[in-house]
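Visitor:
Numbering (our numbering), first residue to last: 14 to 151.
(1) Relative to the C-alpha of residue 71, which candidate in 32, 82, 93 has its C-alpha closest?
(2) Taking the C-alpha atoms as reference points, what is the distance between residue 59 and residue 75?
(3) Express the C-alpha separation of residue 123 and residue 86 in angstroms, rounding to a whole number.
(4) Could you check if residue 111 is buried or exposed, using at least 16 other CB atoms within 10 Å of its CB as the buried criterion?
(5) Determine the burial state of residue 108: buried for a count of at least 16 other Cβ atoms within 10 Å of its Cβ, exposed for fewer.
(6) According to DSSP, what are the bridge partners of residue 106?
(7) Is the CB-CB distance between residue 79 and residue 57 below 7 Å?
(8) From what residue to what residue does the alpha helix (DSSP H) around residue 131 run?
(9) To the nearest angstrom, how far is the alpha carbon of residue 100 from that of residue 17?
(10) In chain order, what residues of the same chain lie with their CB nearer than 8 Å to the CB of residue 69, ignoring the 5 residues before and after it?
(11) Please return the same chain residues whose Cβ sits closer than 6 Å to the Cβ of residue 61, not counting the five positions on each side in sequence.
(12) How would you label residue 95, buried or exposed, when you count the other beta carbons within 10 angstroms and need 16 or more for buried?
(13) Please state whether DSSP places residue 144 in a helix, a strand or coil.
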């Protein structure tokens, strides 16, 4: 298993960040690696959906953990690469105000290192954009 973790801090509160997580139609506003995300139901554990990445490729994704105000985890199979990608997005209050956003990525399968490096390459920029957008929503 290949893993990677990155954290950033934002002045926004966890509810503002979680609101951006749960409104999947807004994911492209903070994640340039997502052209479109659609869910087949509510933003809740067990709900599946389809993620479209730039270039039009689609992948099935599933929410496997959701906790209001605290984060979520999604799982996406990448059959062509023979891997499963799980990303846990967690929110933690910071002393003095604000929120620490952490993305933890775990990739299983024969191409885990290669796929993992591609998936996480933009995490710092994506997370900075997420924090900035949440700060603007305050």
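Beta carbons: idealized from backbone N, C-alpha and C, even for Gly.
Guide: Well, looking at it:
(1) Here residue 71 corresponds to residue number 58 of the chain shown, with the count starting at 1. Residue 71 has its Cα closest to that of 93, out of 32, 82, 93.
(2) Residue mapping note: residue 59 aligns to position 46 of the chain shown, counting from 1. Residue mapping note: residue 75 aligns to position 62 of the chain shown, counting from 1. Cα-Cα distance, rounded: 6 Å.
(3) Locating residue 86 in the chain shown gives position 73, where the first residue counts as 1. Locating residue 123 in the chain shown gives position 110, where the first residue counts as 1. Going from the Cα of residue 86 to the Cα of residue 123 covers about 22 Å.
(4) For the purposes of this step, residue 111 is taken as the residue at position 98 of the chain shown. Buried.
(5) Along the chain shown, read from residue 1 onward, the residue named residue 108 stands at position 95. Exposed is the call here.
(6) The sequence position of residue 106 within the chain shown is 93, counting from 1. Its beta-bridge partners are 112.
(7) Position 66 of the chain shown holds residue 79. Position 44 of the chain shown holds residue 57. Against a cut-off of 7 Å, the Cβ pair of residue 57 and residue 79 comes out as a contact.
(8) Your numbering for residue 131 matches position 118 in the chain shown. Start and end: 125-133.
(9) Here residue 100 refers to the residue found at position 87 when the chain shown is read from its first residue. Here residue 17 refers to the residue found at position 4 when the chain shown is read from its first residue. One C-alpha to the other measures close to 9 Å.
(10) As a first step, residue 69 is located in the chain shown; it is residue number 56 there, counting from the start. Here the set comprises 48.
(11) Looking up residue 61 in the chain shown gives position 48. Excluding sequence neighbours, residue 61 sits near 53, 75.
(12) Here residue 95 corresponds to residue number 82 of the chain shown, with the count starting at 1. The residue in question, residue 95, is exposed, as its Cβ has fewer than 16 Cβ neighbours within 10 Å.
(13) Mapped onto the chain shown, residue 144 falls at position 131. It is helical.
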